[in-house]
Amino acid sequence: MIIERWAVLGLFVLSGCASDRLHDGPVLVDVSDRVPDLRLDIRYFGDNNFVGTRIDGYEAAKCLLLEPVAEALAQVEADLRKQGLRLQIFDCYRPKRAVAHFMRWAQDLSDQRGKSRWYPNLDKSALVPDYIAEQSGHSRADTLDATLLQCADVDRVETCEALDMGTEFDFFDVRANTDSDLVDPEQQHNRQTLRAAMAEHGFVNYPLEWWHFTLPDPQRPQQYFDVPITVP
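Position one of the sequence shown corresponds to residue 8 (our numbering), numbered consecutively onward.
Structure, rendered in structure tokens:
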């Protein structure tokens with residue numbers, strides 16, 4: 008998560024055949040153009056999240072990523088479908104303004120509305136920096152949050168149900184650590200299945216959060232973007 012001191016020079020957002028050139032810069036791809044029936048549950052576009060409201064910069068429920076990251080994610084999805092599984096995506100590219108929104112919420116210790124659901128075993132003051140930070144890989148558009156679905160028919164998303172991962176997405180607790188021994192063997196297996204599927208195409212898991220994956224590239228400039236997520 009990020010509060011940057013310098014301004015983003017620009018971003019080129021590509022969605023299908025339509026594009027909007029803002030300035031010279033990288034290309035963000037709408038992953039639904041690569042996987043049209045990808046299951047999206049973009050939590051920060053609504054109020055089903057730890058802040059309890061739509062997050063700044065989320066003007067559409069879309070998963071945007073850098074092109075190589077989107078391609079790798081599409082390959083993960085294709086491999087999983089051969090096993091009767093699919094991905095469900097909670098978040099992808101996250102504007103810097105959204106990260107700043109998270110930080111404002113984290114610093115408002117009087118707002119405890121979500122404590123029982125999202126961080127029952129932690130003081131809100133302890134959420135920064137392990138769970139909420141001033142800089143996020145999501146703002147580089149190379150990071151995403153996901154879970155697994157088990158499907159009766161992988162070609163019909165309505166037949167799919169989320170696998171039990173032991174905690175929900177964005178649960179701020181040691182039980183959400185990917186290798187936590189506080190979850191049962193089936194939940195551990197489900198987490199390892201997700202991690203292995205993502206790792207097969209180069210994604211690296213953040214150990215404190217079973218849902219969090221980044222596709223690293225040492226040659227890629229470490230730029231953080233702030234263009235909002237919008238409908239074309």
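Ideal Cβ placement from N, Cα and C applies to all residues, glycine included.
Residue burial is scored here from C-beta neighbours: residue 37 has at least 16 other C-beta atoms within 10 angstroms and is therefore classed as buried. By a beta-carbon distance limit of 8 Å, residue 156 contacts residue 46. Their separation comes to about 6 Å. For residue 211, the pairing in a beta bridge is given by DSSP as 221. Counting only residues of its own chain and dropping the five nearest sequence neighbours on each side, residue 81 has a CB closer than 8 Å to the CB of 38, 41 and 42.
By DSSP's assignment, residue 72 forms a beta bridge with 36.
In this structure, the beta-carbon distance from residue 198 to residue 189 does not fall below 8 Å.
Here DSSP, grouped into helix, strand and coil, assigns residue 178 to coil. Residue 205 places its beta carbon less than 8 Å from that of residue 83. Contact between the segment 121 to 132 and the segment 147 to 154 is absent, with fewer than three C-beta pairs closer than 8 Å. Spatial neighbours of residue 185 in its own chain (CB-CB distance under 6 Å, excluding positions within 5 residues in sequence) are listed in chain order as 198, 212, 214 and 217. With contacts defined as CB atoms closer than 8 Å, residue 232 and residue 102 qualify as a contacting pair. Checking the DSSP bridge columns, you'll see residue 154 partnered with 95. DSSP lists 157 as the bridge partner or partners of residue 168. Distances from the CA of residue 63 to each of 74, 87 and 111 were compared; the closest alpha carbon is that of 111. Setting aside the 5 residues that flank it on each side, residue 167 is surrounded in the same chain by 93, 156 and 158, each with a C-beta closer than 6 Å to its C-beta; the list follows chain order.
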